[in-house]
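Heads up: the sequence shown is residues 1489 to 1656, going by this note's numbering.
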Amino acid sequence: MDKTALHTLSYGVCIVSAGAVGRRNGQICNTVFQVTSEPATVAISINKLNLTHEILGMATHFSVSVLGEETPMTFIGRFGFRTGRDFDKMEGVGVRTGVSGCPVVTDNAVAFLECRLMSSFDCGTHTVFLGELEDASILSGGAPMTYAYYHQVKKGKSPDRAPTFIGK
1489 MDKTALHTLS YGVCIVSAGA VGRRNGQICN TVFQVTSEPA TVAISINKLN
1539 LTHEILGMAT HFSVSVLGEE TPMTFIGRFG FRTGRDFDKM EGVGVRTGVS
1589 GCPVVTDNAV AFLECRLMSS FDCGTHTVFL GELEDASILS GGAPMTYAYY
1639 HQVKKGKSPD RAPTFIGK
């Protein structure tokens, strides 16, 4: 079996953020997809070992910041290859408070979605969280970064906690 066939599925590169009980965090997420249009619902897949997963377990909302193609790799690395347990990833970064109080990363984002957490599903190493859209906006006219662009143009890698990681 050639699991790299999974890499042909279309993904975007986003930051999923959440806040609860005085804590906030965000992480790169390449598995965000719309599930329904009415009500507008999206799903995200988050590794159970990540701090964002822990915060989502206490949160009522999450946000998705859709990153643009021009996003620097250092910015992606900040949210994708470092843990929020060691430092505040959002310090010094453009973040606004959403309508629900959820943090929304605006730096390098072409759009954002803010969702009320509806339910979650255990998927082994990951949890899929469903959220109903409560707010959304286009932030710039830039092109959203696809996961293919991230790999082919930016030469980015999938960390071992990503749902799309394929070991050797």
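Every residue, glycine too, gets a C-beta built ideally from N, C-alpha and C. All values reported here derive from a predicted model rather than from experimental measurement.
Beta-ladder partner(s) of residue i, from DSSP
| i | result |
| --- | --- |
| E1620 | T1529 and R1604 |
| R1512 | G1507 |
| Q1522 | V1530 |
| V1554 | C1502 and A1599 |
| D1610 | T1615 |
| S1628 | Answer is none; S1628 lacks a bridge partner. |
| C1517 | C1502 |
| T1634 | G1500 |
DSSP three-state assignment for residue i, whether helix, strand or coil
| i | result |
| --- | --- |
| T1540 | helix |
| T1559 | coil |
| T1585 | strand |
| F1567 | helix |
| A1493 | helix |
Pair within 9 Å by beta-carbon distance, residue i and residue j
| i | j | result |
| --- | --- | --- |
| I1534 | F1617 | yes |
| H1573 | I1543 | Before going further, note that residue 1573 is Arg rather than His in the sequence given. Contact: no. |
| L1605 | A1528 | no |
| G1619 | V1554 | no |
| C1603 | G1507 | no |
| A1631 | E1557 | yes |
| G1514 | M1561 | no |
| S1551 | V1593 | yes |
| T1540 | V1583 | no |
| I1564 | G1655 | no |
| K1536 | T1615 | yes |
| H1495 | A1636 | yes |
Count Cβ pairs between the region 1565-1572 and the region 1625-1643 that sit closer than 8 Å; are there 3 or more?
Contact fails: fewer than three Cβ-Cβ distances are below 8 Å.
Inspect the CB distances between the region 1581-1600 and the region 1618-1638 and report whether three or more fall short of 8 Å.
yes
With three or more C-beta pairs closer than 8 Å as the rule, is the region 1517-1530 touching the region 1493-1508?
With the cut-off at 8 Å, the region 1493-1508 and the region 1517-1530 touch.
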